[in-house]
Structures are given as structure tokens and as C-alpha cells.
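Here the sequence shown is numbered in our numbering, starting from 226 and rising by one per residue.
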Amino acid sequence: MPEKKEKFYLTTPIYYTNGLPHIGHTYTTVVADVIRRYKRMRGYDVVMTTGTDEHGVNVERAAKKAGIPESEFVAKMADAWRALWDELGIPADEFIRTTDLKHVRTVQWLFKLCRENGYVYKGHYTGQYCIYDNAFVTEAKPGDNCPDCGRPLETVTEENYFFKLSAFQKPLLDFYKKNPDFIQPDTRRNEIISFVEGGLKDLSITRTTIRWGIPVPGEEPHVFYVWFDALTAYLSAVGGPEYEKRGCWPADLHLVGKDIIRFHTVYWPAFLMAAMLPVPKQVWAHGWFLMDAAKMSKSKGNVVLPRPIVNMLGMDALRYFLLRDVVFGQDGNFSYDALVTRYNSDLANGLGNLASRTAALIEKNFAGKIPKPAAFKPQDDALAKEAQAAIGEVLENFDKLSFARALETIWTVIAAADKFLTSEQPWALGNSEADQARKATVLWTTAELLRIVTALSFPVLPDSAAKVWTLLGQSEALGKFELDGLRWGQLAPGIPLGKSQTLFPRVDKTEAIERIESMANEELNPTPAAPAPAASAPAATGTSAAAAAPAVSDKIGIEDFAKVEMRVGQIKTAERIVGADKLLKLTVDIGTEIRQICAGIAQYYEPESLIGRKVAVVVNLAPRKLRGVESNGMIVAASVGPEGRPVLTGFHEEVEVGARLK
Ligand code: MSP
């Protein structure tokens with residue numbers, strides 16, 4: 226009987242459905258997938274959960290804006306999130322939606338347990354309320370205006386159920402002490418400890434002012450507060466009240482962004498302690514990916530989407546960059562420049578080049594079969610030692626979630642192999658017996674090193690590592706390979722190389738960035754004539770309104786057209802942008818102000834020829850950055866011929882600058 230594998234249950238946050246995924250969300254899900262693959266290779270039985278957080282005022286509003294019922298709205302959004310994770314090859318083992326019946330039951334059950342154990346009481350909550358948006362603004366003071374609509378807030382008192390969070394100050398502090406690894410990294414742990422030491426106030430966990438939520442049984446119109454609802458999803462995904470049968474709970478790891486650490490390390494364990502349920506083993510808070518030093522948001526126009534990057538460079542390139550460029554736990558700036566630079570240097574010139582070079586040499590000199598090494602020289606032994614040492618180091622760093630360090634170690638070994646080949650020059654050796662033996666030893670050594678780095682990089686580069694693995698003639702599925710058994714010297718001579726496949730074709734940086742940005746612009750602001758983005762349903766247009774937009778072929782009402790504000794603008798200045806062949810930076814007078822707008826017309830219009838020209842401008846587009854330059858609006862042009870040559874619109878009669886196009 227095979228021994229039963231140890232379980233490992235990990236989760237990502239469940240994502241809000243009033244928007245669609247950007248690179249920040251993708252980051253957490255990618256990290257979870259890397260850990261899942263890594264733990265499987267260490268012999269664990271892993272379950273990973275992600276899902277969608279579908280209740281609350283924001284969803285109510287977004288559904289209203291889209292003109293459809295909430296249930297229909299969230300179903301579409303959940304499909305879009307799930308489809309994107311599938312498309313990116315990072316699907317969850319359990320995808321939980323907070324509108325799933327099994328989740329609703331679990332939340333109601335958890336509340337019942339907390340109440341039966343004496344940790345729930347009825348009280349009154351007084352706060353600042355926006356009567357137009359029907360929502361409390363938690364951080365507001367009396368006299369403030371609503372941050373959303375700008376109208377004055379009112380002080381409102383409502384009846385709520387409260388959770389006795391104050392009773393958990395000591396139990397939580399004791400728990401943190403006994404489980405020093407519960408909150409990671411340590412800086413976050415210290416922050417949380419001082420927060421809890423500062424005292425905990427009871428928490429209102431139901432609302433009567435929200436309609437779209439899970440009802441508190443027998444207490445309508447009370448619905449659960451979104452965080453009591455959302456956190457419980459981790460448990461409802463793996464059995465809810467019957468969690469013991471499934472055997473996953475408690476979670477081994479909750480991966481979260483630093484923005485939501487308090488909910489996970491204070492509220493969540495307190496709810497579970499109150500219900501006398503097991504508490505998760507660890508919460509790991511990572512930092513944010515920033516764009517231009519700010520957290521990404523659609524309204525700031527600085528979101529980075531995963532799909533265009535994957536279309537241009539492949540998913541492995543995105544995974545590698547996310548994990549290699551930023552120390553896990555810290556914030557990092559996202560830049561396309563850094564992404565493409567890493568791609569070319571580490572993947573195309575690094576791993577890709579080593580694999581194709583090694584395979585080509587074996588093909589040419591040993592009829593495509595792994596050669597049998599002869600006597601090893603000290604430089605061969607040194608390389609073997611370095612690779613063997615790397616195994617331990619990499620596993621240790623993966624265990625600590627120090628992904629950047631793990632990858633750095635792997636790539637140091639790749640660089641050493643490159644150097645080894647360059648200095649040993651197997652291609653310069655002749656056909657004498659001694660030369661043949663030396664060639665065989667050098668190429669076996671390089672191939673063995675390649676086998677080791679390939680196995681170690683699989684959790685991060687699953688597609689490409691599997692290709693190299695096949696290339697090395699390894700028949701076992703790499704995802705099932707047990708890393709604990711990985712040692713230098715296991716590569717069997719005589720096995721034929723497998724099919725050689727393109728791994729990471731080198732790209733021209735400028736061109737690659739332009740293509741990624743143009744795909745991203747298309748996804749964020751689809752032109753009616755353009756085909757829908759690669760994936761499914763309400764696809765990643767980035768806004769809830771767009772998510773519910775009609776299909777391209779449908780007719781739109783005049784009210785939809787009226788949303789686009791187009792005006793006559795006059796170009797005041799025009800210049801090229803260094804490093805962006807296709808873009809011009811323009812300043813355009815739109816009547817009320819002078820705007821800076823980037824236009825992809827540089828290959829067809831000389832900047833000087835544009836000065837003074839009147840054009841149609843979409844003036845109410847969210848601002849966005851193109852090659853680091855802010856663009857605030859869009860110049861309308863016809864797209865002509867198969868290559869889409871832009872032809873600017875014009876007017877045959879005198880028109881006033883700022884006149885609206887209707
Ligand atoms: N629905 C809540 C979580 C409930 S969990 C019980 C929520 N959702 S969210 O859609 O806002 O997603 C939050 C998570 O997305 C963050 O915790 C983080 O993991 C990830 N990120 C969102 N933006 C991010 C960056 N810019 N950078 C890195 N991760 C970020 O909060």
C-alpha cells in the first residue's frame with residue numbers, strides 16, 4: 226500500500242467581481258500555482274482554491290449600471306475570471322463563488338456556531354452614510370462628503386449583529402506567540418501584533434442597508450457583512466460544515482496581498498476560534514505590483530493586463546518575470562522594459578540558448594543520443610558540485626517562498642554552464658578517441674546540468690521546462706517528478722533526445738513593447754470594428770460596464786453612443802517619442818483645455834504636417850500611459866487596408882475647436 230500523501234491546502238484571495246483581473250491579481254494566482262506545482266513535486270497532495278467575492282454594494286451598483294440583475298452580473302464576471310485562469314494555465318482545484326449555495330450554508334453555519342458560543346450580540350452601528358449610494362463610508366467623519374458621489378454624508382444608526390472581537394485580544398496574541406510563523410513576512414507580523422496589542426473593538430458583522438448579500442436566517446433584512454461572508458469561502462470550498470470528511474482544513478497557507486492582511490490574521494482566526502474550529506497555519510502577505518509608483522486602478526489608467534503579455538512572450542515569461550524581478554513580500558514596479566529585458570537575457574539567451582546549443586551539439590556529434598561520459602576533469606567536477614549544491618539551495622528558497630533567490634541560484638548555474646561550454650569548446654575537438662571521449666564528457670556534463678535546472682525551474686516555467694525535459698529524452702511527466710530524489714549523475718547515457726521545440730525566440734524590445742501596449746489598449750478600449758480579445762465572454766475589458774457591453778454585432782441605443790464624448794480638436798504640437806517608432810506625442814486644443822495625446826500614426830504622418838490640423842478627438846477616455854507617456858484622449862482615424870494604415874478624420878467646412886460631434 227502506498228503511503229498516504231500529506232495534504233497541503235492553499236488559497237488565493239477570492240477576487241471582487243466588480244472588476245476584471247489585472248497583473249496584480251494574476252500575481253497572487255501565479256504564485257499560488259507555483260507553490261502548488263512545487264509542493265506536488267515534493268510529494269504533497271495539494272489543493273488550491275481561488276474564487277470570486279460577489280456580494281456587497283459595489284456589485285449592486287455595477288449591476289445597476291450594466292442594467293442587469295446582480296445574479297446575472299456576477300455569473301458573467303465569475304465566468305470571465307474562471308476563463309482567464311483557465312486560459313493562463315492556472316486554474317484552481319476548487320473555484321468558490323460566494324453566491325454558491327454551499328458557501329451560503331457555510332456562512333450561516335459559522336454564524337450560528339459563533340452565536341451559540343456567546344460571541345454574537347445585537348447592537349447599533351452608527352456611521353456616516355450616503356443616502357444616494359446606500360452605503361456606509363467607514364473611514365468618514367461627520368460633516369464629510371461621500372468620496373464616490375461627492376454629496377454630503379449623513380449620520381445614520383442601524384441595528385446590527387456584532388461579533389465580540391474584543392474577547393479575542395488575548396487568545397490572538399497567545400496564538401501569534403505560539404505560532405511565530407502564522408503571519409509572514411515578519412514585518413507584517415510585528416505590525417499585526419502591535420495593532421492587536423492596541424486593543425480590539427467589537428465588529429459589526431451584519432447590515433440592514435445592503436440588499437445584495439447572504440441573509441442572516443430568521444433575521445431578514447440583515448445580511449452578512451462582506452468580510453464575514455468572504456473569508457468563510459476558504460472553508461466552504463473544502464467541505465464547509467463537513468470539512469472533516471474532505472480532510473483539507475485547516476488551510477496550510479493563505480496567500481494575500483498586504484492590503485488585506487488584517488482581515489486574514491485578526492478577524493478570520495477570531496471567527497474560527499469563536500466557532501471552535503481549527504485556525505489556518507499560515508498567512509503570507511505579499512507586496513503590490515505598482516505602475517508608475519502607484520497601485521494599479523482602472524480610473525488612474527495604469528492597469529497592466531496579463532493577456533497581451535502572454536500573447537507576445539508566453540505565459541512562462543510572465544511567470545518568470547513576476548517571481549524573479551520582485552522579492553516576494555515587497556512592492557515592485559512593473560515595467561514592460563524590465564519584462565522584455567529579462568525575457569531576452571534570462572530566457573532567450575539563458576535557458577533557451579543553453580538547451581538548443583546542447584541539443585544541437587549532441588545531435589551533431591552523437592547522433593542525437595546522450596553520450597557516455599569518460600574521465601571527469603576538475604572543471605567538470607566543479608560544475609557538478611555547483612549544480613548539486615544548487616539543488617539544496619533552491620529547495621530551501623522555494624520552501625521559504627524566496628522565489629527570486631531560488632531563480633537567481635538556478636540562473637547562476639545556467640551561466641556557469643554557458644561559460645563551461647565556451648571554455649571547453651567541444652565543437653573545436655577532433656575525431657581522435659581522446660577528443661571524442663572529452664566531447665562526450667563535456668556534453669554529458671552540460672546535459673546533466675540542464676536536466677537539473679529544468680527540473681528545478683518547472684514550478685515557475687511549466688511549459689518550457691516540460692519541453693526541455695522531453696528534449697533530454699526524459700519520459701516521466703516532469704510535473705510528477707519527485708524533487709527529493711533529484712541528484713547529480715542520474716542522466717542515463719544512450720537515451721535518444723526528444724523533439725526539439727522553440728523555447729523563447731528573441732524579440733526586438735521596442736517592437737515587443739509596442740505590440741503589448743497596443744493589444745492592451747485594444748483590450749481596455751475595444752474599437753467596435755476590432756475582433757474581440759482572444760478569450761471568452763465579458764473578457765478582460767477592465768470595467769464592469771464594459772463587461773456587460775453588448776456584442777459587437779448588436780445594435781446600440783443612442784444613450785450608449787452619447788457616452789462617447791467626441792470633440793473637434795486642433796493639433797498644436799507634434800513630436801516623435803524616443804524608442805517608440807509608431808507613436809507621436811501631440812498637444813491638442815479641445816476648446817476647454819490643451820490635452821496631451823499619443824497617437825499611433827508616426828509611420829504615416831510627419832509631425833510638422835500635423836500642426837494646426839483639426840481632428841476628431843474622443844475626450845472622455847480614461848487617461849493611460851503609452852511607452853511611459855501619458856495620453857489623455859484619442860484621435861479618431863480610419864483604419865485602411867490590411868495593415869490598418871491610419872487616416873485622420875478631417876472637416877470640409879470651417880469648424881470651431883471644441884464643437885461636439887454628435
Ligand atoms: N475580495 C477581497 C478579498 C477577500 S479574501 C477572503 C479583495 N479582492 S480584490 O479583488 O481586491 O483582490 C485582492 C487581491 O488581489 C490582493 O490581496 C492581492 O492578492 C491581489 N492584488 C490586487 N492588486 C494588486 C497589485 N497591484 N499587486 C499585487 N497584488 C494585488 O480584496
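The C-beta atom is built at its ideal place from N, Cα and C for all residues, glycine as well.
Since the structure is predicted, the reported quantities are computational estimates derived from the model, not experimental observations.
Comparing alpha carbon positions, the residue from F407, R820, R532 and M540 closest to R487 is F407.
As DSSP reads the structure, T380 sits in a beta bridge with Q353. G244 and M302 have their alpha carbons spaced roughly 8 Å apart. Buried is the label assigned to M273, since at least 16 other Cβ atoms lie within 10 Å of its Cβ. Separation of the CB atoms of E379 and T433 is rounded to 16 Å, and the pair is thereby denied contact status at 8 Å. A straight line joining the alpha-carbon of A863 with that of F876 spans about 14 Å. Shortest gap from the CB of A462 to any heavy atom of the ligand MSP: 7 Å or more. Unbroken beta strand (DSSP E) runs of no fewer than 3 residues, entirely contained in the stretch 317–353, are found at 319–322, following chain order. Close CB contacts of Y234 within its chain, under the 6 Å cut and outside five residues either way in sequence, are with V272, C473, A476 and D477 (chain order). Under the 10 Å beta carbon count, C371 is surrounded by 16 or more other beta carbons and is classified as buried.
Using a Cβ distance threshold of 8 Å, A563 and P730 do not count as a contacting pair.
The beta carbon of V854 lies closer than 7 Å to those of I802, K810 and C823 in the same chain, with the five residues before and after it left out. If you ignore the 5 residues before and after W513, its C-beta comes within less than 6 Å of the C-beta of K520 and D556, all in its own chain and listed in chain order.
Within the same chain, and ignoring the five residues on either side of V255 in sequence, the residues whose Cβ sits closer than 7 Å to its Cβ are I315, R544 and L547.
Boundaries for D278: no alpha helix (DSSP H) harbours it, while the beta strand (DSSP E) harbouring it runs D270 to D278, taken from the DSSP string.
In the DSSP secondary-structure assignment, C823 is bridged to K810. Relative to the ligand MSP, the beta carbon of G249 is positioned inside 7 Å of a heavy atom. Taking 7 Å as the cut-off, one finds at least one heavy atom of the ligand MSP near enough to the beta carbon of M521. In the three-state reduction of the DSSP assignment, S627 falls in the coil class, being assigned neither a helical nor a strand state.
Between N845 and the set V861, F601 and P832, the nearest pair of CA atoms involves V861.
Around A599, the same chain offers A662, R663, A665 and T666 as residues with beta carbons nearer than 8 Å, after the five sequence neighbours per side are excluded.
Following the DSSP letters along the chain, one finds E855 in no alpha helix (DSSP H) but inside the beta strand (DSSP E) bounded by residues V854 to S856. Looking only at E618, A745, L502 and W493, the smallest Cα-Cα distance to P238 is reached by W493.
Inter-residue distance for E319 and T331 is about 16 Å (C-alpha atoms, whole angstroms). In this structure M744 touches N536 by the C-beta definition: roughly 6 Å separates them, less than 8 Å.
Checking the 7 Å criterion, the Cβ of V481 is within range of a heavy atom belonging to the ligand MSP. In this structure, L626 sits away from T253, with a CB-CB distance that is not shorter than 8 Å.
Taking non-hydrogen atoms of the ligand MSP into account, the C-beta of I485 is found less than 7 Å away from one of them.
With a 10 Å radius around the Cβ and a threshold of 16 neighbouring Cβ atoms, N622 comes out buried. Per DSSP, F233 lies in no alpha helix (DSSP H) segment; the continuous beta strand (DSSP E) that holds it begins and ends at K232 to Y241. Fewer than three beta-carbon pairs drawn from the stretch 647–659 and the stretch 497–514 are found closer than 8 Å, and the two stretches are therefore not classed as touching.
Note: Q795 is bridge-paired with D814 and K839 in the DSSP secondary-structure output.
Beta-bridge analysis with DSSP links L428 to F388. Here V552 has A629 as same chain residues with Cβ atoms under 6 Å from its own Cβ, once five neighbours each way along the sequence are excluded. About 7 Å separates the Cβ atoms of V842 and M791, confirming a contact at the 8 Å cut-off. Membership of L456 in the alpha helix (DSSP H) is indicated by the continuous run V451 to L456.
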